[in-house]
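First up is the structure itself, then whatever we jot down about it.
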Amino acid sequence: MNILVTGGTGFIGSHTVVELINNGHNAILMDNLINSSEIVLKRIEKITGIMPTFYKVDMLDKEKLGEIFDKEHIDCVIHFAGLKAVGESVKEPYKYYNNNLCGSLNLIEAMNRHGVKNIIFSSSATVYGKNVIVPITEECPKGECTNPYGWTKSMLEQIFCDIQKADEKWNVVLLRYFNPIGAHPSGLIGEDPNGIPNNLMPFITQVAIGKLKELGIFGNDYDTPDGTGVRDYIHVVDLAKAHVKALKKIEDNSGLSIYNLGTGNGYSVLDVVKSFEKVNGIKIPYSFKPRRAGDIASCYASANKAYSELGWKAEFDIDDMVRDSWNFQKKNPNGYGDQ
Ligand code: NAD
Ligand code: UDP
Numbered sequence: 000m001n002i003l004v005t006g007g008t009g010f011i012g013s014h015t016v017v018e019l020i021n022n023g024h025n026a027i028l029m030d031n032l033i034n035s036s037e038i039v040l041k042r043i044e045k046i047t048g049i050m051p052t053f054y055k056v057d058m059l060d061k062e063k064l065g066e067i068f069d070k071e072h073i074d075c076v077i078h079f080a081g082l083k084a085v086g087e088s089v090k091e092p093y094k095y096y097n098n099n100l101c102g103s104l105n106l107i108e109a110m111n112r113h114g115v116k117n118i119i120f121s122s123s124a125t126v127y128g129k130n131v132i133v134p135i136t137e138e139c140p141k142g143e144c145t146n147p148y149g150w151t152k153s154m155l156e157q158i159f160c161d162i163q164k165a166d167e168k169w170n171v172v173l174l175r176y177f178n179p180i181g182a183h184p185s186g187l188i189g190e191d192p193n194g195i196p197n198n199l200m201p202f203i204t205q206v207a208i209g210k211l212k213e214l215g216i217f218g219n220d221y222d223t224p225d226g227t228g229v230r231d232y233i234h235v236v237d238l239a240k241a242h243v244k245a246l247k248k249i250e251d252n253s254g255l256s257i258y259n260l261g262t263g264n265g266y267s268v269l270d271v272v273k274s275f276e277k278v279n280g281i282k283i284p285y286s287f288k289p290r291r292a293g294d295i296a297s298c299y300a301s302a303n304k305a306y307s308e309l310g311w312k313a314e315f316d317i318d319d320m321v322r323d324s325w326n327f328q329k330k331n332p333n334g335y336g337d338q
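Read in order, the letters of the sequence shown correspond to residues 0 to 338 in numbering that gives the first Met the number 0.
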């Protein structure tokens, strides 16, 4: 298939492009590079032998977005583009609603105009809200999000559902990611956050490389086995492969489909630290801090639906994830900024 990958140079987008190419698809990338680097394109070429077509376009620019659809024959869109920093979204909600909602509405308009009615959308477990019962199944109702970023995901899910309901020619797959970490085993592509990382794994790798002094663990008094927060970490390559499998729903004209993408296993912050130390032989100094606002004790998926309907399940375990995250950090101490 010819697949437009918005946000294609980003963390999850780039890994998905590799898997798409490996499976014989033609990936056309679009990104405004606000949170990624063009160097990723060369890295994708190094891994796959193919330099994908790339459009440096902002999805807020309707005209340029439309031009991509004029030029390319697109069968399906995988929509990763968006801003994703939870804390920043609390401080600058307009920026998040404008970029993620208006940008996606522009995309939908361009798709409609060009008769492209197939989309796979990057959603998040955050749409389930705070009052979850684990493991979370797709039947669990959506809940109150704790920040504007989360609301953009929840609202966009609603928008895609309504559009599909109004026009049955649309095929929509909503993928709710749990906690993607890891990197391509080659160490050529991985996560390269701007500034001090908010997420656990990049924080740990930056402590390991000596950029940050110690990890602050947000809370050790949760109702979990060791008191620290439990999450469902998933290797980004497994996540990427799920997108290739999800294309089956597009090919089958399945209408609306929703899947959790996680391993189904919960690991605490201390489990992740211990695994990192054991696998990579590096000590991670840490101290306990107060709970972080908006965090919940435990969040992990039931991954059964994706297995039974898509034949997908995660293959990598937590040790693989911490090994590959460190491998990318080690080979790219300053992220893509080194090149
Ligand atoms: P990322 O920031 O690495 O990738 C997103 C890409 O979108 C970036 O390359 C950025 O430059 C691009 N972008 C942002 N606004 C744009 C615009 N207006 N026009 C064009 N490009 C634009 O993030 P990621 O971790 O790869 O996440 C991909 C998607 O998955 C996002 O939608 C994110 O919200 C979602 N998601 C991520 C996680 C996670 O933990 N990483 C979890 C759940 C959902
Ligand atoms: N966490 C932590 N210290 C950090 C970053 C995260 O203790 O510097 C914890 C956080 O409280 C949560 C887990 O690690 O329990 C995963 O957090 P992350 O921000 O990576 O993902 P999310 O909050 O979206 O699940």
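The beta-carbon is built from N, C-alpha and C at its ideal position, and this holds for glycine as well. Only a predicted model underlies this, so the values are computations on that prediction, with no experimental measurement involved.
Near ligand 1: residue i beta-carbon under 7 Å from a heavy atom
i: N34; result: yes
i: G81; result: yes
i: Y93; result: no
i: M320; result: no
i: Y335; result: no
i: M50; result: no
For residue i, three-class secondary structure by DSSP
i: M154; result: helix
i: L255; result: strand
i: V206; result: helix
i: Y299; result: coil
i: H14; result: helix
i: C139; result: coil
i: T52; result: strand
i: F79; result: coil
i: L59; result: coil
i: L174; result: strand
i: I73; result: coil
i: L260; result: strand
i: I38; result: helix
i: E250; result: helix
Proximity test, residue i beta-carbon vs ligand 2 heavy atom, cut-off 7 Å
i: N198; result: yes
i: F202; result: yes
i: R112; result: no
i: S217; result: Looking at the sequence itself, residue 217 is Phe, so the reference to Ser does not match. Checking the Cβ of F217 against ligand 2 gives yes.
i: L211; result: no
i: C298; result: yes
Residue nearest to residue i in terms of C-alpha spacing, selected from the options
i: V278; options: P92, R230, S324; result: S324
i: Y360; options: N34, L19, N25; result: This structure gives no information on residue 360, because the portion of the chain shown stretches from 0 to 338.
i: N193; options: A84, K248, I281; result: A84
Residues that residue i bridges to, as DSSP identifies them
i: L214; result: Y285
i: L28; result: V4, F53
i: S307; result: According to DSSP, which records beta bridges pairwise, S307 is partnered with nothing at all.
i: P179; result: I233
i: F120; result: H78, L173
i: T267; result: Residue 267 is actually Ser in this sequence, not Thr. Bridge partners of S267: V229.
Spatial neighbours of residue i in its chain, beta-carbon cut-off 7 Å, leaving aside the 5 residues before and after
i: V236; result: H14, G181, H183, F315
i: P92; result: P147
Own chain residues within Cβ distance below 8 Å of residue i, not counting five before or after
i: A241; result: L174, Y258, L260, A305, L309, W311
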